[in-house]
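If you're matching them up, the sequences are chains V and Y in order.
According to the numbering used here, the first sequence is numbered sequentially starting from 1.
According to the numbering used here, the second sequence is numbered sequentially starting from 472.
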Amino acid sequence: MTALGKLLRTTAFRLTLVYLVVFALFAAFLLAYFALNTRRLITEQITSTVEAEMTGLAEQYNRGGIRLLVAVIESRARQPGSSLYLVTTSKGEGIAGNVGSLAPGVLDQPGWTETVYRRLTDPETQDEHHALVRVSTLAGGFRLLVGRDLEERERLYHIIADAGRWSVTIVIILGIIGGVFVSRRVLNRVDAITDKARVIMAGDFSGRLPVGGSGDELDRLAISLNAMLHQIEALMRGLKEVSDNVAHDLKTPLTRLRNRCEAALRTATSEAGYRATIEATIEESEGLIRTFDALLMIARAESGEARDNMADFDASEIARDVAELYEPLAEEKGLALHVDASASAPVKGNRELVSQALANLVDNAIKYAAAGRQEANGVPADIVVGAGREGDRIVLSVRDSGPGIPVADRGRVVDRFVRLEQSRSQPGSGLGLSLASAVARLHGGELRLEDNAPGLKAVIALPRADTAASA
Amino acid sequence: MRLLIIEDDRDAADYLVKAFREVGHVVEHAGDGEEGLALALDGRYDVLIVDRMLPKLDGLAVIGALRAKSIETPALILSALGQVDDRVKGLRAGGDDYLPKPYSFSELLARVEVLSRRMGGREETHYRVGDLELDRLSHRVTRGRDEILLQPREYRLLEYLMRHAGQVVTRTMLLENVWDYHFDPQTNVIDVHISRLRSKIDKGFAQPLLHTVRGAGYMIRDGAR
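Structure, rendered in structure tokens:
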């Protein structure tokens with residue numbers, strides 16, 4: 001019963017019902033129209049035939065009197081499929097014709113009448129027939145009746161009416177069968193999709209909805225949903241990777257911290273020993289807080305929450321400010337830091353976040369260029385912080401001549417906590433590029449890592465603030 | 472200095488009360504927003520330290536209620552929410568400073584001491600520490616008879632240090648007030664700026680004025696005092 005109920009509630013079945021009603025009504029209307037018109041046409045035909053015969057007979061009467069009329073009628077009445085004829089005296093006594101009996105009073109009213117009759121030759125027991133007759137009075141007081149049987153007309157009418165009833169019945173039966181068939185097909189497909197969706201919801205994110213291959217609307221829906229599932233699966237995997245990394249990169253320093261404290265408890269004997277441990281512990285915890293803050297910041301930038309705090313600012317100004325902040329540090333490391341940001345570069349965004357992203361890039365450049373310089377032994381290593389326009393984009397760039405990043409690793413270093421082998425010795429959380437990338441994406445831009453030959457060119461490309469909007 | 476700490480975490484509050492008393496301040500403690508507001512209303516305190524999330528009455532609401540009654544006691548907001556817009560929200564609600572948790576006590580102490588002096592409202596046009604002088608009208612800096620030429624940022628750095636002469640100023644305070652950045656620049660860039668400034672004002676003089684306070688920050692003061 002529930003299966004039937006489900007079937008009856010499907011859209012396909014309901015649509016079928018609607019079409020069924022429409023088609024049945026249409027068929028009924030068409031046939032009724034046809035029947036009525038046929039009937040009218042036949043009536044008209046009868047009328048004109050009777051009219052013509054009446055005129056002809058009246059002429060015969062005028063020419064040859066009652067005798068000729070009777071003769072003509074007698075001869076016509078004998079022909080098969082003949083019309084109905086009757087000639088009577090003014091008192092109604094029959095003289096000639098093939099009509100045996102009539103409904104009473106028909107002869108008394110001249111003009112058209114529909115009546116029941118029996119032919120002269122018909123036995124009394126046979127049913128009476130219907131006929132359309134015309135009565136007129138001749139010059140000598142005789143009455144002349146001419147008519148035609150209506151049986152043919154009625155039979156045709158009934159045939160058409162029957163055809164109508166049958167066709168409507170067949171339309172309904174076929175329609176319901178078709179509706180059930182189509183609905184069941186659709187229902188089966190939908191049930192298959194629903195079942196699979198349940199499996200996926202239960203945690204099997206690698207599952208995909210079945211696609212029939214016919215390219216119909218259900219297939220298109222299934223394909224779209226599969227694409228969505230794919231995206232969700234990728235995000236879930238990313239999330240899992242991140243949480244694994246977070247667990248690893250937070251637990252490692254926590255373990256170090258704990259080990260150090262335990263070691264101090266076990267071995268330290270002097271106050272100085274404890275003090276050293278405590279100081280190291282505080283330092284380690286500060287690193288942890290820093291990592292944590294960076295993670296929160298990235299999460300925030302990625303969630304798009306910081307979009308509320310967008311304002312117009314000049315990216316060149318940011319480049320100059322950040323360069324100014326880092327210039328002494330670069331100099332201390334024996335690097336020259338230049339600024340190339342003279343033209344105004346309007347950006348709409350979160351100033352603080354963009355500053356931090358650029359600061360991270362500059363910080364990286366200083367760290368790695370300084371390390372690289374030691375290897376390259378005396379080759380002048382410059383860092384250039386730039387800002388400018390590039391088509392409809394504003395680009396903030398940091399170019400260094402450090403070791404750079406191999407092409408194969410450029411996609412990977414943006415991920416959280418990824419630190420290349422050669423950079424493990426440098427301090428840092430491995431989150432700097434992740435943050436820069438998240439900030440760029442928050443603003444609808446991207447972080448690009450390019451070859452500066454030698455060195456790295458890190459570019460934050462942001463959409464240019466709409467100058468038309470501000471004008 | 473009289474302090475009121477409004478903080479619902481018992482351990483954190485006990486630690487703060489003890490630590491502030493150790494450095495010689497008078498401290499009172501309230502465990503929820505309503506109690507804190509009631510205590511703060513008579514305005515006997517020099518600085519309020521208000522946790523942002525409090526039972527009964529939210530920290531920002533406490534400060535808002537005080538400001539509505541024209542009680543302008545400087546308030547420092549402590550919060551686990553450390554993001555820039557949360558800070559902006561806190562300052563807009565009437566807070567005077569904002570410190571995200573977890574914080575170090577030396578940072579909190581430095582900020583509280585700066586806040587307590589701010590109330591004096593002394594926006595002087597001339598600062599003097601020992602024989603170092605800074606004139607805010609002409610932007611001239613001299614030490615003894617020598618004029619010292621500073622870059623604009625170095626000037627602002629020195630100006631901030633001299634306005635808070637004799638007080639500890641932390642690296643984050645400098646980053647916030649001199650550079651207007653509220654993020655952590657990872658490497659200690661501030662230290663390099665300070666050492667540059669130090670080389671300009673202290674180099675060649677017997678008496679250093681710009682001191683590093685270990686584990687806390689920097690302080691400019693006349694060594695003779």
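Beta carbons are placed, not taken as given, at the ideal position from N, Cα and C, and that holds for glycine.
- Report the neighbours of Tyr689(Y) on chain V: residues whose CB is nearer than 8 Å to its CB, in chain order. Counting from one through the second sequence, the residue named residue 689(Y) turns up at place 218. The contacting residues do not exist; Tyr689(Y) stays about 15 Å from chain V at best.
- Which two residues bound the contiguous beta strand (DSSP E) that contains His338(V)? In the first sequence, residue 338(V) corresponds to position 338, counting from 1. Its beta strand (DSSP E) spans residues Ala336 to Asp340.
- Query: In chain V, which residues lie with their C-beta within 9 Å of the C-beta of Val612(Y)?
  - Reply: Translated into the one-based positions of the second sequence, residue 612(Y) becomes position 141. In chain order: nothing, as chain V lies at least about 18 Å away.
- Query: Exposed or buried, what is Glu478(Y) when buried is set at 16 or more other beta-carbons lying within 10 Å of its beta-carbon?
  - Reply: Counting from one through the second sequence, the residue named residue 478(Y) turns up at place 7. Buried, since its Cβ has 16 or more Cβ neighbours within 10 Å.
- Message: In whole angstroms, give me the CA-to-CA distance for Gly495(Y) and Glu584(Y).
- Response: Within the second sequence, residue 495(Y) is the residue found at index 24, counting from 1. Within the second sequence, residue 584(Y) is the residue found at index 113, counting from 1. Computed Cα separation, rounded: 12 Å.
- Task: Return the first residue and the last residue of the alpha helix (DSSP H) that Trp166(V) is part of.
- Result: Position 166 of the first sequence, counting from 1, holds the residue named residue 166(V). Trp166(V) -> alpha helix (DSSP H) spans Glu151 to Met201.
- Message: Contact criterion: CB-CB distance below 8 Å. Does Ala369(V) meet it with respect to chain Y?
- Response: Within the first sequence, the letter at position 369 stands for residue 369(V). Answer no: the Cβ-Cβ gap between Ala369(V) and chain Y never drops below 8 Å.
- Item | Same chain, Cβ closer than 7 Å to Asn648(Y), five either side skipped, listed in chain order | One-based indexing of the second sequence puts residue 648(Y) at position 177. If we look at Asn648(Y) and ignore the five residues flanking it on each side, its Cβ neighbours are Tyr631.
- Strand pairing of Ala458(V), partner residues [DSSP]: Your numbering for residue 458(V) matches position 458 in the first sequence. Answer by DSSP bridge pairing, in chain order: Val398(V) and Leu449(V).
- Message: Taking CB distances under 8 Å as the criterion, tell me whether Tyr569(Y) reaches chain V.
- Response: Along the second sequence, one-based indexing puts residue 569(Y) at 98. So no, Tyr569(Y) is outside the interface.
- Query: Of all the residues that make up the segment 355-368 of chain V, which are near chain Y by a beta-carbon distance shorter than 8 Å?
  - Reply: Ser355, Gln356, Ala359, Asn360, Asp363, Ile366 and Lys367
- Quick one: using the 10 Å Cβ neighbour count with 16 as the cut-off for buried, is Gln678(Y) buried or exposed? For this step, residue 678(Y) is matched to residue 207 along the second sequence. Gln678(Y) comes out exposed.
- Query: Does DSSP put Thr643(Y) in a helix, a strand or coil?
  - Reply: On the second sequence, residue 643(Y) is found 172 positions in, with the first residue counted as 1. In this structure, Thr643(Y) counts as helix in the three-state DSSP scheme.
- Could you tell me which residues DSSP pairs with Glu604(Y) in its beta bridges? Locating residue 604(Y) in the second sequence gives position 133, where the first residue counts as 1. According to DSSP, Glu604(Y) bridges with Arg599(Y) and Thr613(Y).
- Message: I'd like to check one pair, Gly514(Y) with Ile476(Y): are the Cβ atoms closer than 8 Å?
- Response: For the purposes of this step, residue 476(Y) is taken as the residue at position 5 of the second sequence. For the purposes of this step, residue 514(Y) is taken as the residue at position 43 of the second sequence. No, the Cβ-Cβ distance between Ile476(Y) and Gly514(Y) is not below 8 Å.
- Task: Confirm, please, whether the CB-CB distance from Asp400(V) to Ile383(V) is below 8 Å.
- Result: In the first sequence, residue 383(V) corresponds to position 383, counting from 1. In the first sequence, residue 400(V) corresponds to position 400, counting from 1. Yes, the Cβ-Cβ distance between Ile383(V) and Asp400(V) is below 8 Å.
- Item | Nearest-angstrom beta carbon gap, Gly147(V) and Ala83(V) [assumed within contact, 8 Å] | Locating residue 83(V) in the first sequence gives position 83, where the first residue counts as 1. Locating residue 147(V) in the first sequence gives position 147, where the first residue counts as 1. The question names Ala, but residue 83(V) is Ser in the sequence shown. Between Gly147(V) and Ser83(V) the Cβ distance is about 7 Å, and since that is below 8 Å, they are a contact.
- How many Å lie between Asp480(Y) and Lys540(Y) at the Cα? In the second sequence, the residue the question calls residue 480(Y) occupies position 9. In the second sequence, the residue the question calls residue 540(Y) occupies position 69. Roughly 27 Å separates the two Cα atoms.
- For Phe13(V), is the classification buried or exposed, using 16 other Cβ atoms within 10 angstroms of its Cβ as the cut-off for buried? Translated into positions along the first sequence, residue 13(V) becomes position 13. Result: buried.
- Cut-off 8 Å between Cβ atoms - residues of its own chain near Arg424(V), not counting five sequence neighbours on either side: Within the first sequence, the letter at position 424 stands for residue 424(V). Below a pLDDT of 50, predicted positions are generally treated as unreliable, and Arg424(V), at 47, falls in that range; no measurement from the model is reported.
- Hey, how far is the Cα of Glu331(V) from the Cα of Arg667(Y)? The residue labelled residue 331(V) in the question sits at position 331 within the first sequence. The residue labelled residue 667(Y) in the question sits at position 196 within the second sequence. Their backbone Cα atoms lie some 11 Å apart in a straight line.
- Message: Using a Cβ-Cβ cutoff of 8 Å, what residues of the segment 613-630 of chain Y are near chain V? List them in chain order.
- Response: Arg624
- Host alpha helix (DSSP H) of Leu296(V) (start-end): Stepping through the first sequence from its first residue, residue 296(V) is reached at position 296. First-last of the alpha helix (DSSP H) with Leu296(V): Glu271 to Ser303.
- Item | Under the three-state DSSP convention, the category Pro656(Y) falls into | If you number the second sequence from 1, residue 656(Y) lands on position 185. Coil.
- Message: Does chain Y have any CB closer than 8 Å to the CB of Arg424(V)?
- Response: Residue mapping note: residue 424(V) aligns to position 424 of the first sequence, counting from 1. With a pLDDT of 47 at Arg424(V), under the threshold of 50, the predicted position of this residue should be treated as unreliable, and no value is reported.
- Query: Got a sec? Which residues, its chain only, sit under 7 Å from Val498(Y) by beta carbon, not counting five neighbours each side?
  - Reply: Start at 1 with the first residue of the second sequence, and residue 498(Y) comes out as number 27. Contacts found: Leu474, Ile476, Val488, Phe491 and Arg492.
- Task: Would you tell me roughly how many angstroms separate the C-alpha atoms of Leu681(Y) and His500(Y), rounded to the nearest one?
- Result: For the purposes of this step, residue 681(Y) is taken as the residue at position 210 of the second sequence. For the purposes of this step, residue 500(Y) is taken as the residue at position 29 of the second sequence. The straight-line gap from Cα to Cα measures roughly 35 Å.
- Taking only runs that begin and end inside the segment 507-558 of chain Y, name each unbroken beta strand (DSSP E) of 3 or more residues, in chain order. 518-522 and 546-550
- Please report how far the alpha carbon of Arg410(V) lies from the alpha carbon of Asn245(V), in whole angstroms. As a working mapping, residue 410(V) is identified with position 410 in the first sequence. As a working mapping, residue 245(V) is identified with position 245 in the first sequence. The alpha-carbon atoms of Arg410(V) and Asn245(V) are separated by roughly 19 Å.
- Item | Residue of Leu239(V), Met201(V), Gly215(V) and His248(V) minimising C-alpha distance to Leu229(V) | Counting from 1 along the first sequence, the entry for residue 229(V) is found at position 229. Minimum Cα distance to Leu229(V) is reached at Met201(V).
- Item | Span of the beta strand (DSSP E), counted from its first residue to its last, around Thr121(V) | Looking up residue 121(V) in the first sequence gives position 121. No beta strand (DSSP E) contains Thr121(V), which DSSP labels as neither H nor E.
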